[in-house]
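Reminder that position 516 of the first sequence reads as 515 in numbering that gives the first Met the number 0, one-by-one numbering, no gaps.
The beta carbon of each residue, even a glycine, is placed where N, CA and C say it ideally should be.
Remember, predicted model here, so these are calculated numbers, not experimental data.
First comes the structure, then the notes that go with it.
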Amino acid sequence: MRYSNFFIPTLREVPAEAEVISHKLMLRAGMIKKLASGVYNYLPLGLMVIRKVENIVRQCMNEAGAIEMLMPSIQPSELWKESGRWDYYGKELLRIRDRHDRDFCYGPTHEEVITDVVRSYISSYKNLPINLYQIQTKFRDEVRPRFGLMRGREFMMKDAYSFDMDDAGANISYEKMYKAYCRIFESCGLKYKVVEADTGSIGGSFSHEFMVLADTGEDFVISCGSCDYSANVEKAISVNEFVKSEEELKPAEDVITPGVKSVEDVAGFLKIKPEQIAKTMIVRVDDRLVAIMVRGDHEMNEAKVKNYFKATTVELASYDSIEEATGGPAGYSGPVGIKVPVYADYAVASMVNYCVGANLKETHSININHGRDFDFADVDDFRNAREGDTCHKCGGKYMITKGIEVGHIFKLGTKYSSSMNAMFLDKEGKRQPFIMGCYGIGVTRVAASAIEQNHDENGIIWPVQLAPFKAVVVPLAVKDEEVMRHAEAVYKRLSDMGMEPLLDDRDERAGVKFTDAELIGIPVRITLGKKTLEKGCAEVTVRKTGETTEVPLPDCAEAVKKILDSLL
RNA sequence: CGGGAUGUAGCGCAGACUGGUAGCGUACACCCUUGGGGUGGGUGUGGUCGCAGGUUCAAAUCCUGUCAUCCCGACCA
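Pasting the structure below:
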């Protein structure tokens, strides 16, 4: 590709809208342009990178036996009503209406559609298993889109769906995808980690997330320093590692705490540690209220609460509900004398003489003890795991790192096949629902996360596998015929060798060309200037290291190839 | 949805408090200059000041409403 025939509108200044590095660099490198909040144009360079990701995904999926198809982005409401998600999915589902007043949505995911396809055509175990996938544009009306392609509303996703006749088969399908995903992220040249995940509202029995490790990640990954356990914060198991103190029980008393609500404030006001306070949160679990207690310095984990109660929704109660449950205002809730059952995290169960809200305005109670002042309905794991916690598998210590969720695989079971009556006949001639799995990869997010993981102050440093061009040929004097003749020759050789070169034939100063080449992140640069040409050489510069070597012209292409291979 | 902020040329910003009909940098076009890290100089093009009302002789500026965007939080297959 010749730069002068292409379209890479690089920006010298960063548009004010960008916050994270991948967003800034994608805008500056002329890869994307925002059209609306969370909705982007993919400019030529951006599209090239997305295609690279797509192709890697496609190849690995095909190798794993999945079959590509394409489903519509617009879906009729009927299917969603069948699965029950039309009411359940919420505002994230962008609903639209056609001229006949029929309800549709812009697909955020395609479980319903694929289930409809499969139930129409597959009615025998003889046609199973099958795994169908697509690479499609999705739309999720996120509450707060941000970070460019990292959390857009419209984005590209590869989604695959497997259908099996029994549980054992479904596990094999899942395993195949697990392995395919590992190959995909390795092939993209990314550092990633697989973690156990909560299945969330998509339902199902087990699930793994594929996280690209980067400091700007929005998700926290818990992993053990001693064994191979890793999980996201929602899922990571916190063991009961607390020993109850032998301390003598003191008489309870109330303390006036004017304007003091948060744990931090209470701790400061009473001159105690947050660990001596127990937070009491009133939570709405489906349509009833319960109280959940966690230690002052811990965080309640809603996913764990949800799973404990086998509930479909869990949310913090409204102020009205809190008053109803406790008789006191929000911010001063405590476990003593309230109308709802009290569930405690393990850590709370080991506490003695602790501080809680008194269910009275501006009042806390100290030296409270369960068993004497109130009773737990039950004790379990209700909090987020933290760095330094004991690993439930091996007794090692948890570490916490940040990651970007780029892939998620679920074993769905029969959630959709049952609700949508997708059945086949088994060997005995009995009707059975398909056992399903679903497997997603955020294609556009992979591109963004590659930048988060690979950049420096001058711009992007593409992993070779994702680079839109693998090498850029930079003649410094395009008006000099001699220089251009050599540049063209090198360009052609690289091109013939399949190295997807870019020829910067613009009549620009050296600085401009160098800056742009670095910004858009081409792995190798071949510079041709008069001085080095006199020696019959070109300069070959590695983007990642900045290392430059003079190479005789005839050896140029080989040298580039060697460097590219070494970067893989 | 709660809190905070911003909307002025493609991009980055000033002007607003104190009303008088819009400016700087960059980008873009042309001329000269320079030619291995965004060269220097000059001449230009480009703006319904987000939108709609209102106050006023006069509104980018004051008032009301509205829309959009961003940040923090809540939420999130």
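**Q.** For Cys226, three-class secondary structure by DSSP
**A.** Locating residue 226 in the first sequence gives position 227, counting from the first residue. It is coil, neither helix nor strand.
Q. Are the segment 127-136 and the segment 63-81 touching by the rule of at least three beta carbon pairs closer than 8 Å?
A. yes
Q | Alpha carbon of Glu487 to alpha carbon of Ala17, nearest angstrom | A | Locating residue 487 in the first sequence gives position 488, counting from the first residue. Locating residue 17 in the first sequence gives position 18, counting from the first residue. As the crow flies, the alpha-carbon of Glu487 is around 38 Å from that of Ala17.
**Q.** Own chain, CB closer than 6 Å to Met47, minus 5 neighbours either side, in chain order
**A.** By one-based count along the first sequence, residue 47 stands at place 48. If we look at Met47 and ignore the five residues flanking it on each side, its Cβ neighbours are Pro467.
Q) Which one or two residues does DSSP pair with Asn358 in a beta bridge? A) By one-based count along the first sequence, residue 358 stands at place 359. Answer is none; Asn358 lacks a bridge partner.
Q) Is Gly267 near the ligand ZN, going by C-beta to nearest heavy atom under 7 Å? A) Absence of the ligand ZN is noted for the structure shown, with no ligands found whatsoever.
Q) When you compare each of Glu322, Ala376, Lys272, Asp163 to Lys360 by their alpha carbons, which one comes out closest? A) On the first sequence, residue 360 is found 361 positions in, with the first residue counted as 1. The shortest C-alpha separation from Lys360 is found at Glu322.
Q: Would you tell me roughly how many angstroms separate the C-alpha atoms of Met280 and Phe103, rounded to the nearest one?
A: On the first sequence, residue 280 is found 281 positions in, with the first residue counted as 1. On the first sequence, residue 103 is found 104 positions in, with the first residue counted as 1. Rounded to the nearest angstrom, the gap between the Cα atoms of Met280 and Phe103 is 39 Å.
(Q) Quick check: Val442 and Val52, are their CB atoms within less than 8 Å of each other? (A) What you label residue 442 is simply residue 443 of the first sequence in a count that begins at 1. What you label residue 52 is simply residue 53 of the first sequence in a count that begins at 1. Between Val442 and Val52, the C-beta gap is smaller than 8 Å, which places the two residues in contact.
Q) Between Tyr191 and Leu563, what straight-line distance do the alpha-carbon atoms span, to the nearest angstrom? A) Looking up residue 191 in the first sequence gives position 192. Looking up residue 563 in the first sequence gives position 564. Rounded to whole angstroms, Tyr191 to Leu563 spans 21 Å at the Cα level.
Q: Could you check if Glu301 is buried or exposed, using at least 16 other CB atoms within 10 Å of its CB as the buried criterion?
A: By 1-based counting over the first sequence, the position of residue 301 is 302. By the neighbour-count criterion, in which a residue is buried when 16 or more other Cβ atoms sit within 10 angstroms of its Cβ, Glu301 is buried.
Q) Ser123 and Phe423 look like a contact to me (Cβ under 8 Å); what is the Cβ gap, rounded to whole Å? A) As a working mapping, residue 123 is identified with position 124 in the first sequence. As a working mapping, residue 423 is identified with position 424 in the first sequence. That belief holds up - the Cβ atoms of Ser123 and Phe423 are roughly 6 Å apart, short of 8 Å.
Q) Taking C-beta to C-beta, are Met164 and Gln464 nearer than 8 Å? A) What you label residue 164 is simply residue 165 of the first sequence in a count that begins at 1. What you label residue 464 is simply residue 465 of the first sequence in a count that begins at 1. No; because the gap between Cβ atoms is not below 8 Å, this pair is not in contact.
Q | Thr526 in three-state terms, based on DSSP | A | For the purposes of this step, residue 526 is taken as the residue at position 527 of the first sequence. Three-state result, Thr526: strand.
Q. Do Val339 and Val289 have their C-beta atoms within less than 8 Å of each other?
A. The residue labelled residue 339 in the question sits at position 340 within the first sequence. The residue labelled residue 289 in the question sits at position 290 within the first sequence. Going by C-beta atoms, Val339 is nearer than 8 Å to Val289.
Q: Following the continuous beta strand (DSSP E) through Gly436, name the residue where it begins and the one where it ends.
A: As a first step, residue 436 must be located in the first sequence, where it is residue number 437. From DSSP, the beta strand (DSSP E) with Gly436 extends over 434-441.
Q: Taking all protein chains shown into account, decide if Tyr120 is buried (16 or more other Cβ within 10 angstroms of its Cβ) or exposed.
A: Here residue 120 refers to the residue found at position 121 when the first sequence is read from its first residue. Classification for Tyr120: exposed.
Q | Helix, strand or coil at Asn453 [DSSP, three-state] | A | Translated into positions along the first sequence, residue 453 becomes position 454. Coil at Asn453, not helix or strand.
Q. Quick one, which of Met299, Ile113, Arg283, Pro273 has its alpha-carbon nearest Ala310's?
A. Counted from its first residue, the first sequence places residue 310 at position 311. Nearest C-alpha to Ala310: Arg283.
Q: Report the partner residues of Pro500 according to the DSSP bridge assignment.
A: Counted from its first residue, the first sequence places residue 500 at position 501. Answer is Ala470.
Q. In chain order, what residues of the same chain have a beta carbon less than 7 Å from the beta carbon of Phe5, not counting five sequence neighbours either side?
A. For this step, residue 5 is matched to residue 6 along the first sequence. Pro43.
**Q.** 6 Å Cβ shell around Ser222 - same chain, five flanking residues per side excluded
**A.** Here residue 222 refers to the residue found at position 223 when the first sequence is read from its first residue. Once the five neighbours on either side are set aside, the close Cβ partners of Ser222 are Ser229, Met398.
Q: Reducing DSSP to helix, strand and coil, say where Met149 ends up.
A: By 1-based counting over the first sequence, the position of residue 149 is 150. Of the three classes helix, strand and coil, the one that applies to Met149 here is helix, per DSSP.
Q. Does the segment 504-513 come close enough to the segment 470-484 that 3 or more CB-CB pairs lie under 8 Å?
A. yes
Q: Using alpha carbons as the reference points, say which of Ile460, Asp479, Arg508 lies closest to Thr540.
A: As a first step, residue 540 must be located in the first sequence, where it is residue number 541. Selected option, being the one with the closest Cα: Ile460.
Q: Could you pull out every unbroken alpha helix (DSSP H) segment of at least 4 residues lying fully inside the segment 163-187, listed in chain order?
A: 166-186
Q. Counting Cβ pairs closer than 8 Å, one from the segment 361-370 and one from the segment 256-276, do we hit at least three?
A. yes
Q. If you drop the 5 nearest sequence neighbours on each side, which residues of the same chain put their C-beta closer than 7 Å to that of Thr312?
A. Start at 1 with the first residue of the first sequence, and residue 312 comes out as number 313. Excluding sequence neighbours, Thr312 sits near Asp285.
Q.
Using DSSP's beta-bridge definition, name the partner residues of Gly428.
A. Position 429 of the first sequence, counted from the start, is the residue given in the question as residue 428. In the DSSP output, where bridge partners are listed per residue, Gly428 has none listed.
Q: Under 6 Å Cβ to Cβ from Gly520, same chain only, skipping five residues before and after it: list those, please.
A: As a working note, residue 520 is residue 521 in the first sequence. Same-chain partners within the cutoff: Gly458, Ile459, Ile460, Trp461.
Q.
Could you pull the DSSP bridge partners for Phe138 from this structure?
A. Within the first sequence, numbered from 1, the residue matching residue 138 stands at position 139. The partner list for Phe138 (beta bridge, DSSP) reads Glu153.
Q: Report all residues from its chain with a CB closer than 7 Å to the CB of Tyr105; omit the five preceding and five following residues, and keep chain order.
A: Translated into positions along the first sequence, residue 105 becomes position 106. Once the five neighbours on either side are set aside, the close Cβ partners of Tyr105 are Ser72, Ile73, Leu93, Ile95, Phe138.
Q.
Helix, strand or coil, according to DSSP, for Phe268 in the structure here?
A. Counting from 1 along the first sequence, the entry for residue 268 is found at position 269. Residue state, collapsed to three classes: helix.
Q | Exposure label - Gly151; buried when at least 16 CB within 10 Å | A | Here residue 151 is taken as the residue at index 152 of the first sequence, counted from 1. Under a 10 Å Cβ-count criterion, Gly151 is classified as buried, with 16 or more other Cβ atoms of the shown protein chains found around its own Cβ.
Q: Starting from Thr114, trace the alpha helix (DSSP H) both ways and give me its first and last residue.
A: Counted from its first residue, the first sequence places residue 114 at position 115. That run of the alpha helix (DSSP H) goes 110-120.
Q. Do Gly224 and Gly395 have their C-beta atoms within less than 8 Å of each other?
A. Looking up residue 224 in the first sequence gives position 225. Looking up residue 395 in the first sequence gives position 396. Yes, they are a contact pair.
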